[in-house]
Amino acid sequence: MVVGIHRPSVLTIDLKAIQYNIKEAIKLLANQVQLFMVVKANAYGHGLVETANAAKQAGATGFCVAILDEALELRESGISDPILVLGITSPTDAKLMARNEIAASVGSLDWLVQANKNLQAESKPLLVHLALDTGMGRIGFRESNDLLQAYKFLEEQPQFIFDGIFTHFSTADMKDDQYFKKQLAKWHQLISTLPKLPRFVHISNSATTLWHHPLEGVNMVRYGAAGYGLNPSGTELEPPFELHPAMSLSSELVFTKQIKKGDSVGYGATYTAQHDEFVGTIPIGYADGYRRNLDGFYVLIDGQKCDILGRICMDQIMVRLPKDYLPGQQVVLVGKSGNQEITLQQLADHCQTNHYEIACGFAERLTKKYLH
31 MVVGIHRPSV LTIDLKAIQY NIKEAIKLLA NQVQLFMVVK ANAYGHGLVE
81 TANAAKQAGA TGFCVAILDE ALELRESGIS DPILVLGITS PTDAKLMARN
131 EIAASVGSLD WLVQANKNLQ AESKPLLVHL ALDTGMGRIG FRESNDLLQA
181 YKFLEEQPQF IFDGIFTHFS TADMKDDQYF KKQLAKWHQL ISTLPKLPRF
231 VHISNSATTL WHHPLEGVNM VRYGAAGYGL NPSGTELEPP FELHPAMSLS
281 SELVFTKQIK KGDSVGYGAT YTAQHDEFVG TIPIGYADGY RRNLDGFYVL
331 IDGQKCDILG RICMDQIMVR LPKDYLPGQQ VVLVGKSGNQ EITLQQLADH
381 CQTNHYEIAC GFAERLTKKY LH
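Going by my numbering, the sequence shown opens with residue 31, and the numbers climb by one from there.
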């Protein structure tokens with residue numbers, strides 16, 4: 031995709047903030063517990079390779095991704111640390127994963143049987159992490175007998191290495207911990223079936239890492255949203271340390287004017303001025319991931335809130351100005367300006383979603399600038 035390097039709309043990623051969030055999380059963990067940074071979805075929109083390198087410097091010892099292609103990009107960039115694909119990959123790709131020492135998440139015996147056929151001529155074994163469905167309802171073994179059969183199959187076949195076992199909590203970011211406890215009990219019931227556990231035992235996402243550690247028998251955590259300075263619970267729970275947001279979004283005014291009372295702005299003429307006022311145009315829109323339902327929100331200019339007028343366009347937005355600014359004036363869409371700040375959480379609240387979706391939704395045509 032074309033990247034807009036010739037316009038002033040820029041996503042700035044503070045790698046030092048990511049490193050801070052990782053180092054603080056590591057302080058919460060016992061000495062033998064490793065931290066794998068979750069860099070799926072282009073590192074939540076922050077940049078896959080850049081984030082992974084920064085995370086490694088901060089103490090991350092491995093990485094989790096959602097799809098195989100993300101893992102392959104990490105390998106192609108020179109990263110040799112352990113990588114786990116959290117999603118289900120086709121068993122026909124087992125050989126490719128084995129050759130690149132990429133671990134597969136597996137939730138059924140049938141997957142192992144199919145992958146085994148594809149690995150017969152492969153010299154390297156496939157690293158396998160067995161997924162357990164303790165209540166998320168997404169992927170994984172649900173019954174002890176099925177899990178035990180898969181374990182025995184792994185032990186009998188030299189084409190596999192039983193490298194990890196995991197589950198995922200669906201309510202670890204909520205004050206009410208009853209369902210969390212139910213899932214935890216199911217986890218212990220399932221793993222008690224197995225004669226031995228693998229190298230990596232991991233059940234902690236960011237929320238579990240922040241609010242439920244230490245946990246018995248866990249020796250690795252999957253650290254995702256919190257690593258980017260995003261509170262997994264939104265505003266429901268306070269994290270044990272201050273999270274530092276890593277992403278900011280800025281642009282500039284490219285056109286300014288004064289409109290008269292009765293003049294309208296934007297598609298559908300949904301905004302009509304009640305008096306004479308100054309209006310500025312900013313070169314960013316929903317094609318950049320600045321969502322169309324952010325109409326009625328605001329940006330920051332010179333430390334002041336400036337309301338968005340009319341509908342968000344594909345490539346531009348219009349805002350009310352407190353005075354007649356010249357083109358080139360900085361605009362903050364996410365981040366700080368003077369004593370004011372716009373957070374991804376505020377954008378998410380306005381759009382009635384979560385800040386993960388906002389961060390992941392910014393388009394590749396936005397230029398990324400990395401600090402530190």
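Glycine included, C-beta positions come from ideal geometry on N, C-alpha and C.
Asked	Found
Helix, strand or coil at Tyr74 according to DSSP, with G and I counted as helix	helix
Segment contact, 8 Å Cβ cut-off, at least three pairs: the segment 367-377 with the segment 321-330	yes
Buried/exposed call for Leu356, threshold 16 Cβ in 10 Å	exposed
Burial state of Asp44, where buried means 16 or more other Cβ atoms lie within 10 Å	buried
Short Cβ contact (9 Å threshold) for Met348 with Gly358	no
Cβ distance (whole Å) where Asp193 is taken to contact His159 below 8 Å	6 Å
Pairwise C-alpha distance: Ala84 and Tyr209	35 Å
Outcome for Phe190 when other beta-carbon atoms lying within 10 angstroms are tallied against a minimum of 16	buried
For His159, three-class secondary structure by DSSP	strand
Distance between Asn261 and Glu268 (C-alpha atoms, nearest Å)	8 Å
Three-state secondary structure assigned by DSSP to Lys53	helix
Cross-strand partners of Val32 (DSSP beta bridge)	None, per the DSSP bridge assignment.
Gly89 CB to nearest heavy atom of the ligand GDP below 8 Å	For the ligand GDP, the structure offers nothing, since it holds no ligand at all.
According to DSSP, residues forming a beta bridge with Tyr328	Asp337
Alpha-carbon spacing of Tyr301 relative to His402, whole angstroms	42 Å
Runs of beta strand (DSSP E) wholly within the segment 227-280 (minimum 3 residues, chain order)	230-232 and 250-253
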